[in-house]
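Visitor: Okay, here's the structure, questions in a sec.
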Amino acid sequence: GVPARASLEYDVELLALTAEPELWDLDFGAKMELAQWRRARGVALYQRGHAYGAHEEFLQGQRYLSFMADLGAEDAERVQRAKVTSDLNCAATALKLGLERDALKYCAAVLAVDEANAKAHYR
(Lines of atoms letter the chains of each structure in order from A and count residues from 1; the text may use other names and numbers.)
(Lines give C-alpha, C1' and ligand atoms only; values in the text may rest on other atoms or scores of the structure.)
Protein backbone atom coordinates (compact mmCIF):
# COMPACT_ATOMS: atom_id res chain seq x y z
CA GLY A 1 0.00 0.00 0.00
CA VAL A 2 0.87 3.68 -0.15
CA PRO A 3 2.08 5.22 3.12
CA ALA A 4 -0.40 7.64 4.75
CA ARG A 5 1.73 10.77 4.30
CA ALA A 6 3.25 9.88 0.95
CA SER A 7 3.42 12.56 -1.73
CA LEU A 8 1.80 11.55 -4.97
CA GLU A 9 2.43 13.00 -8.40
CA TYR A 10 0.00 12.68 -11.29
CA ASP A 11 0.35 13.31 -15.00
CA VAL A 12 -2.97 14.34 -16.50
CA GLU A 13 -3.71 14.59 -20.20
CA LEU A 14 -6.72 16.58 -21.39
CA LEU A 15 -8.32 14.54 -24.12
CA ALA A 16 -11.13 16.88 -25.10
CA LEU A 17 -12.64 20.22 -24.22
CA THR A 18 -16.10 21.13 -25.41
CA ALA A 19 -17.12 24.76 -25.10
CA GLU A 20 -20.74 25.61 -24.45
CA PRO A 21 -22.41 27.53 -27.26
CA GLU A 22 -22.80 31.28 -26.97
CA LEU A 23 -25.92 32.27 -25.06
CA TRP A 24 -27.40 34.31 -27.91
CA ASP A 25 -27.09 31.35 -30.30
CA LEU A 26 -29.37 29.14 -28.18
CA ASP A 27 -33.11 28.71 -28.55
CA PHE A 28 -35.50 28.39 -25.61
CA GLY A 29 -35.28 24.60 -25.38
CA ALA A 30 -31.49 24.56 -25.44
CA LYS A 31 -31.29 27.23 -22.71
CA MET A 32 -33.70 25.32 -20.49
CA GLU A 33 -31.81 22.08 -21.08
CA LEU A 34 -28.45 23.65 -20.22
CA ALA A 35 -29.91 25.33 -17.13
CA GLN A 36 -31.25 21.95 -15.97
CA TRP A 37 -27.92 20.26 -16.71
CA ARG A 38 -26.06 22.88 -14.64
CA ARG A 39 -28.58 22.49 -11.81
CA ALA A 40 -28.11 18.70 -11.81
CA ARG A 41 -24.32 19.11 -11.70
CA GLY A 42 -24.70 21.58 -8.84
CA VAL A 43 -26.92 19.22 -6.87
CA ALA A 44 -24.43 16.37 -7.34
CA LEU A 45 -21.57 18.56 -6.13
CA TYR A 46 -23.59 19.83 -3.17
CA GLN A 47 -24.47 16.28 -2.13
CA ARG A 48 -20.76 15.41 -2.11
CA GLY A 49 -19.98 18.41 0.09
CA HIS A 50 -18.56 20.71 -2.60
CA ALA A 51 -20.58 23.84 -1.84
CA TYR A 52 -18.36 26.23 -3.80
CA GLY A 53 -18.48 24.18 -7.00
CA ALA A 54 -22.22 23.68 -6.57
CA HIS A 55 -22.76 27.41 -6.13
CA GLU A 56 -20.83 28.13 -9.32
CA GLU A 57 -22.89 25.56 -11.25
CA PHE A 58 -26.15 27.07 -9.97
CA LEU A 59 -24.98 30.54 -10.99
CA GLN A 60 -24.10 29.30 -14.47
CA GLY A 61 -27.53 27.72 -14.74
CA GLN A 62 -29.13 31.04 -13.80
CA ARG A 63 -27.28 32.68 -16.66
CA TYR A 64 -29.31 30.62 -19.14
CA LEU A 65 -32.56 31.61 -17.44
CA SER A 66 -31.82 35.32 -17.41
CA PHE A 67 -31.86 36.05 -21.11
CA MET A 68 -35.27 34.94 -22.30
CA ALA A 69 -37.35 37.21 -24.51
CA ASP A 70 -40.81 37.02 -26.06
CA LEU A 71 -42.02 34.03 -24.07
CA GLY A 72 -45.55 32.76 -24.07
CA ALA A 73 -47.35 32.29 -20.75
CA GLU A 74 -46.50 28.59 -20.45
CA ASP A 75 -42.80 29.07 -21.19
CA ALA A 76 -42.62 32.10 -18.89
CA GLU A 77 -44.06 29.94 -16.09
CA ARG A 78 -41.47 27.21 -16.74
CA VAL A 79 -38.67 29.79 -16.58
CA GLN A 80 -40.09 31.27 -13.37
CA ARG A 81 -40.24 27.84 -11.69
CA ALA A 82 -36.67 27.14 -12.77
CA LYS A 83 -35.53 30.53 -11.42
CA VAL A 84 -37.18 29.85 -8.05
CA THR A 85 -35.45 26.47 -7.81
CA SER A 86 -32.15 28.02 -8.81
CA ASP A 87 -32.45 30.87 -6.32
CA LEU A 88 -33.24 28.42 -3.52
CA ASN A 89 -30.23 26.30 -4.47
CA CYS A 90 -28.02 29.39 -4.56
CA ALA A 91 -29.33 30.40 -1.12
CA ALA A 92 -28.49 26.97 0.31
CA THR A 93 -24.95 27.01 -1.06
CA ALA A 94 -24.43 30.64 -0.04
CA LEU A 95 -25.33 29.71 3.54
CA LYS A 96 -22.88 26.79 3.44
CA LEU A 97 -20.19 29.20 2.25
CA GLY A 98 -20.98 31.77 4.96
CA LEU A 99 -22.42 34.27 2.47
CA GLU A 100 -25.50 35.21 4.48
CA ARG A 101 -26.19 38.46 2.60
CA ASP A 102 -26.15 36.62 -0.71
CA ALA A 103 -28.51 33.99 0.73
CA LEU A 104 -30.89 36.75 1.77
CA LYS A 105 -30.76 38.22 -1.74
CA TYR A 106 -31.67 34.87 -3.32
CA CYS A 107 -34.48 34.25 -0.84
CA ALA A 108 -35.84 37.77 -1.38
CA ALA A 109 -35.98 37.07 -5.12
CA VAL A 110 -38.02 33.92 -4.46
CA LEU A 111 -40.36 35.70 -2.04
CA ALA A 112 -40.94 38.47 -4.59
CA VAL A 113 -42.69 35.93 -6.83
CA ASP A 114 -43.90 33.44 -4.19
CA GLU A 115 -44.62 35.04 -0.82
CA ALA A 116 -45.55 31.71 0.76
CA ASN A 117 -42.42 29.79 -0.24
CA ALA A 118 -41.48 27.89 2.93
CA LYS A 119 -37.88 27.20 1.92
CA ALA A 120 -37.21 30.88 1.22
CA HIS A 121 -38.68 31.84 4.60
CA TYR A 122 -36.66 29.16 6.38
CA ARG A 123 -33.35 30.01 4.75
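Position in the sequence shown (from 1) plus 143 gives the number in the working numbering.
Ideal Cβ placement from N, Cα and C applies to all residues, glycine included.
1) When you compare each of M175, A147, A162, E165 to T228 by their alpha carbons, which one comes out closest?
2) Let me check understanding here. Comparing Cα to Cα, which of R184, A212, G215 lies closest to F201?
3) Using 8 angstroms as the threshold, is the C-beta distance between C208 and A235 below it?
4) Just to confirm the assignment, what range does the alpha helix (DSSP H) spanning L177 have?
5) Just curious, the alpha helix (DSSP H) that N232 is in, first and last residue?
6) In chain order, what residues of the same chain have a beta carbon less than 7 angstroms from the beta carbon of H198, not counting five sequence neighbours either side?
Guide: This is what the structure gives:
1) If we check each option's Cα against that of T228, M175 comes out closest.
2) Ranking R184, A212, G215 by CA distance to the CA of F201 puts R184 first.
3) Contrary to the premise, residue 208 reads as Leu rather than Cys in this sequence. Against a cut-off of 8 angstroms, the Cβ pair of A235 and L208 comes out as no contact.
4) Run containing L177: 171-190, per the alpha helix (DSSP H) assignment.
5) According to the DSSP assignment, N232 belongs to the alpha helix (DSSP H) that extends over 216-239.
6) Excluding residues within five positions, the ones whose Cβ falls inside 7 angstroms are C233, T236, A237, L240.
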